[in-house]
Amino acid sequence: MPLILPTDWRGRVRRGAGLSPDHAALSQRVLARAVELAQAGPVVAESEPGGRRLGFARTLADRVRHALVAHALSADPKHLQLLESDLRVALDLPDWADDHLLDMAELATALALALDGAGPFVSRDLADEVADALCRRFLIRAIASVQGGSRWSRQAGNWAFVCGGAMIMVAAVVGSHQARAGLAQTATRAAQAALGPSLAAIGPDGEWPEGVVYRDLAAAYGWLAMQAAQNVPALQISPDTFRPLLRGAGLRAALTGPSGLIADFGDDLPQAPLPVLGPPHRHLPDGAFDPLHLLWGCQMEGDDAPPPPVFLGRYHAVLRQGDDFLALRIGDCAAHDHAHADLGAPVWDHGRQRLLTDPGRGDYAAPGYFDPTRRLALPGVCETDHGTLTLPDFPQAAQMSAEAGMQGDALVLTMRAAGQLLWQRRLWFAAPGHLRIADRSLRGITGPARWQAVVPQGVTVLADLPKGTVAEHGRWASAKGGGTRLGFEVTADALTAGVQVGLRVGSVQAVDTNHHP
1 MPLILPTDWR GRVRRGAGLS PDHAALSQRV LARAVELAQA GPVVAESEPG GRRLGFARTL
61 ADRVRHALVA HALSADPKHL QLLESDLRVA LDLPDWADDH LLDMAELATA LALALDGAGP
121 FVSRDLADEV ADALCRRFLI RAIASVQGGS RWSRQAGNWA FVCGGAMIMV AAVVGSHQAR
181 AGLAQTATRA AQAALGPSLA AIGPDGEWPE GVVYRDLAAA YGWLAMQAAQ NVPALQISPD
241 TFRPLLRGAG LRAALTGPSG LIADFGDDLP QAPLPVLGPP HRHLPDGAFD PLHLLWGCQM
301 EGDDAPPPPV FLGRYHAVLR QGDDFLALRI GDCAAHDHAH ADLGAPVWDH GRQRLLTDPG
361 RGDYAAPGYF DPTRRLALPG VCETDHGTLT LPDFPQAAQM SAEAGMQGDA LVLTMRAAGQ
421 LLWQRRLWFA APGHLRIADR SLRGITGPAR WQAVVPQGVT VLADLPKGTV AEHGRWASAK
481 GGGTRLGFEV TADALTAGVQ VGLRVGSVQA VDTNHHP
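Heads up: the sequence shown is residues 1 to 517, going by our numbering.
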């Protein structure tokens, strides 16, 4: 009986392959890729910067998923037989990136899934070696990390679900052996404690502070951990623990514009992979290539519901009007390890075109990137690289936050620093494809502020600027692409009185629009 995977997982994979022509095509791609992997020989552990093992862990996970699903589809034993050599490669590694628990967690999950799905094709001696290594090299270190108060176990983030979920899955696999049962129970209790802050951070409709892509990564581990909890009651963890995380159709729908792109604030991505529990089978998108999509094709709660015209969550605010879509990030500026100083920076679609965008992920390898006291000042993360308003005396920092609400047809964002009002931004659609943005300082500033918008490459936006201002254009580029930064300076007096900008497709001209709706 499986310990992590659903009890009828092979049958579910075969049924999944017959759900639609797209699913049938996916199953054929999985089989073809599995044959390629088998012919390529065992997985190779290449050197990674900083002593990491994340690349190896994800390569191994991809091979395990392809092998398991290909065997379920074909019953050909060669797909599982190759995993024995992969397991030995992992065992022979001198370390599993001992200073990087995330790498260890993803590697441990891949090994646990291999043991769970390929059990009859793995020798008893090798299975015992792997189980022993999972205890020594991962569970004991993960328990110590939680008990030592590591940051991932105290604050909301996808790490809690990746690492905590891995602890639960590994505990399910190794805990059936009496000598390991006590360690497995200790690991499960530690995982539950570490999951607490992240479970509390989940908002309505599965809303997640890190955005859609990281929510889906977390949900993948949560879904598998939930299956393990159902299969192994001795773990003493309720499968319902993970259900708030798996209620995420509303978040994806709310943050996806008519362009088909996601409002990807911070380190999120504009195009996300297929979510763990949906969309419905008939909506399988082109390019879906995770073999487990044939296993976890369940419809999410509310998956068929159209996105609401207004979405005001804990972390995001969205306004839709006809073919126009507008999204903002709200909440604490430094709410998580992937947050940018982008409060007030709109993402705007009109029809199939994205007109205002987020510049994309920062450089994860930059010194201090995951240090909350340094990250918001780094290039690519700081507010001057985003399409927002920069006040000279109050740069966006950890103590800042934003809240949003509707006033008539306008979405209104209010910025605060340590609870004190700073500035307010009103956004509304004056006509289809015509966005108005009105800004007003709520606190005295000593010098000019900087107004900026980020326009994707290949898009030209007409800007109706306040009279007397001069538009400045600069290029921007990131791993996601590039485009133009449109900006200008605003005097302290003008911002106190209020300034307004209109944005449309076209060229630049200056008009007097210093009024509010």
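Glycine included, C-beta positions come from ideal geometry on N, C-alpha and C.
Three-way DSSP call (helix, strand, coil) for residue i in this model
{"i": "residue 445", "result": "coil"}
{"i": "residue 472", "result": "strand"}
{"i": "residue 281", "result": "Any reading at residue 281 must be qualified, since the residue scores a pLDDT of 43, below 50, and its modelled position is unreliable; no value is offered."}
{"i": "residue 437", "result": "strand"}
{"i": "residue 388", "result": "coil"}
{"i": "residue 405", "result": "strand"}
{"i": "residue 129", "result": "helix"}
{"i": "residue 302", "result": "Reliability fails at residue 302, whose pLDDT of 49 lies under 50, so the model's placement of it is uncertain and the value that follows must be treated cautiously. Residue state, collapsed to three classes: coil."}
{"i": "residue 286", "result": "Below a pLDDT of 50, predicted positions are generally treated as unreliable, and residue 286, at 49, falls in that range; no measurement from the model is reported."}
{"i": "residue 5", "result": "coil"}
{"i": "residue 464", "result": "strand"}
{"i": "residue 120", "result": "helix"}
{"i": "residue 495", "result": "helix"}
{"i": "residue 108", "result": "helix"}
{"i": "residue 10", "result": "helix"}
{"i": "residue 61", "result": "helix"}
{"i": "residue 431", "result": "strand"}
{"i": "residue 489", "result": "strand"}
Contact check, residue i vs residue j, beta carbons under 9 Å
{"i": "residue 490", "j": "residue 428", "result": "no"}
{"i": "residue 163", "j": "residue 91", "result": "no"}
{"i": "residue 333", "j": "residue 343", "result": "yes"}
{"i": "residue 465", "j": "residue 488", "result": "yes"}
{"i": "residue 251", "j": "residue 205", "result": "yes"}
{"i": "residue 351", "j": "residue 453", "result": "no"}
{"i": "residue 340", "j": "residue 380", "result": "yes"}
{"i": "residue 418", "j": "residue 412", "result": "no"}
{"i": "residue 146", "j": "residue 194", "result": "yes"}
{"i": "residue 161", "j": "residue 245", "result": "yes"}
{"i": "residue 215", "j": "residue 208", "result": "yes"}
Cβ of residue i within 9 Å of any chain E Cβ
{"i": "residue 111", "result": "Absent from the structure is chain E; it holds one protein chain and no more."}
CB-CB length for residue i against residue j, believed under 8 Å
{"i": "residue 449", "j": "residue 389", "result": "6 Å"}
{"i": "residue 268", "j": "residue 347", "result": "No, residue 268 and residue 347 are not in contact; Cβ-Cβ is about 10 Å, not under 8 Å."}
{"i": "residue 294", "j": "residue 17", "result": "6 Å"}
{"i": "residue 446", "j": "residue 393", "result": "6 Å"}
{"i": "residue 70", "j": "residue 14", "result": "Residue 70 to residue 14, Cβ: 12 Å. No contact."}
{"i": "residue 349", "j": "residue 257", "result": "3 Å"}
{"i": "residue 442", "j": "residue 422", "result": "6 Å"}
{"i": "residue 433", "j": "residue 354", "result": "13 Å between Cβ atoms; not a contact."}
{"i": "residue 398", "j": "residue 414", "result": "Between residue 414 and residue 398 the Cβ distance is about 18 Å, and since that is not below 8 Å, they are no contact."}
{"i": "residue 56", "j": "residue 45", "result": "5 Å"}
{"i": "residue 142", "j": "residue 187", "result": "7 Å"}
{"i": "residue 43", "j": "residue 60", "result": "5 Å"}
{"i": "residue 440", "j": "residue 495", "result": "7 Å"}
{"i": "residue 87", "j": "residue 126", "result": "6 Å"}
{"i": "residue 219", "j": "residue 172", "result": "Residue 219 to residue 172, Cβ: 18 Å. No contact."}
Validate contact between the stretch 360-367 and the stretch 455-473 using beta carbons, cut 8 Å, 3 pairs: no
Measuring CB atoms only, is the stretch 305-325 touching the stretch 51-60, in the sense that at least three cross pairs come out at less than 8 Å? no
Looking at C-beta atoms only, is the number of pairs between the stretch 85-102 and the stretch 137-145 that lie closer than 8 Å three or more? yes
Under 8 Å, with one C-beta from each stretch per pair, do the stretch 159-179 and the stretch 234-242 reach the 3-pair mark? yes
Check whether the stretch 54-67 touches the stretch 105-114, counting contact only when three or more Cβ pairs, one atom from each stretch, lie closer than 8 Å. yes
Completely contained alpha helix (DSSP H) runs for the stretch 66-105, where each covers 4 or more residues: 78-92
Are the stretch 239-256 and the stretch 197-204 touching by the rule of at least three beta carbon pairs closer than 8 Å? yes
Inside the stretch 25-59 only - beta strand (DSSP E) runs reaching at least 3 residues: none
Kindly provide the ranges of any alpha helix (DSSP H) runs that are 4 or more residues long and lie completely inside the stretch 137-208, ordered along the chain. 140-147, 158-174, 178-200
Please give me, in chain order, every unbroken run of the alpha helix (DSSP H) with length at least 4 that falls completely inside the stretch 213-260. 249-255
Only counting runs of 3 or more residues, tell me where the beta strand (DSSP E) segments fall wholly within the stretch 313-370, in order along the chain. 316-321, 324-329, 347-350, 353-356
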